[in-house]
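Note sheet for the following structure.
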Amino acid sequence: MSEFLPEVYTGRDLQEAVSEASKAHPKVASQLQVRLVPTEEAGVSVQVAVCPPGEAYAEQIQAVRDMTESLLHTLDISTEVHVSVDHFRLNLSLSDAGRLERNQGQPLSDLETLLGRYHSGLFSDSPLVVTLDHPLLQRRDEDEVVERALAACQKLSHEGDSILLDPMNSYERRLVHVALQNYAQYQTESVGDGSLKRIQVSLVTKGEAS
């Protein structure tokens, strides 16, 4: 098994699966990065993948930083490059994006894609995904979170039906709660424990919606 592949733990719910992972790594339990793993195994409710703290990815961080600086030098763009690991993301930020912000940030998006391909080519087994931290791209990601939630809600067809959305952090949950307030037929509630919770969306009855 590659050193980069995350370990997988199973539980009846998200809390139990994360608890099992924490028991296996007591010294760094508070630093473990957790991701839900889709599973269709019989009798398995939830599986989570965990990765060690960001220090384990020093080589990947340096490789992406070096490539970024090389590309920016070629483009004659002078800026500080910061790279960190947070929750399965290799986050990249620039102190001054300059002309990369043109065309609603399309050059930034292109740079993110290029660096992602470079990283996955070097570290094909890594669970990390390269993301470029910039307000223009953040708005794009926010829109995608809301769009996925609305698409999932389309599965609700009868009064009283409910659906559980994928686990989200507190910021993503707030985006969804606020967005669905504009739809009187939906009622939302965060469920679960820990930093990653799910939103239960219910199709309310006519009396409740009025």
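Here the sequence shown is numbered in the working numbering, starting from 16 and rising by one per residue.
Don't be surprised by glycine CBs; every beta carbon is placed ideally from N, CA and C.
Annotation: the continuous alpha helix (DSSP H) that includes N118 extends over 117-137. Cα atoms of S217 and R27: separation of roughly 23 angstroms, rounded to the nearest angstrom. Assignment of I92 by DSSP, reduced to helix, strand and coil, places it in the coil class.
Going by beta carbons, L90 and L130 fall outside the 9 angstroms limit. Residue environment: V193 is assigned as exposed (fewer than 16 neighbouring CB atoms within 10 Å of its CB, all protein chains considered).
The beta carbon of G113 sits closer than 6 angstroms to the beta carbons of I92 from its chain, once the five residues preceding and following it are set aside; these are given in chain order. Under the three-state reduction of DSSP, V160 is assigned to helix. Residue pairing for S99: DSSP places it in a beta bridge opposite N106. Under the 8 angstroms Cβ criterion, the segment 93-108 counts as touching the segment 142-154, having at least three qualifying pairs. Using a 10 angstroms sphere on the CB of G120, the tally of other CB atoms reaches 16 or more, which defines it as buried. Closest by C-alpha distance to E174, out of L211, I76, Q202, L123, is Q202. Here the C-alpha atom of K38 lies approximately 45 angstroms from the C-alpha atom of E116. Each residue's CA atom was taken as its position, placing P41 and H88 some 43 angstroms apart. The residues V160, in chain order, have a CB closer than 6 angstroms to that of E187 in the same chain once the five nearest residues on each side in sequence are set aside.
If you ignore the 5 residues before and after Q30, its C-beta comes within less than 6 angstroms of the C-beta of D208, all in its own chain and listed in chain order.
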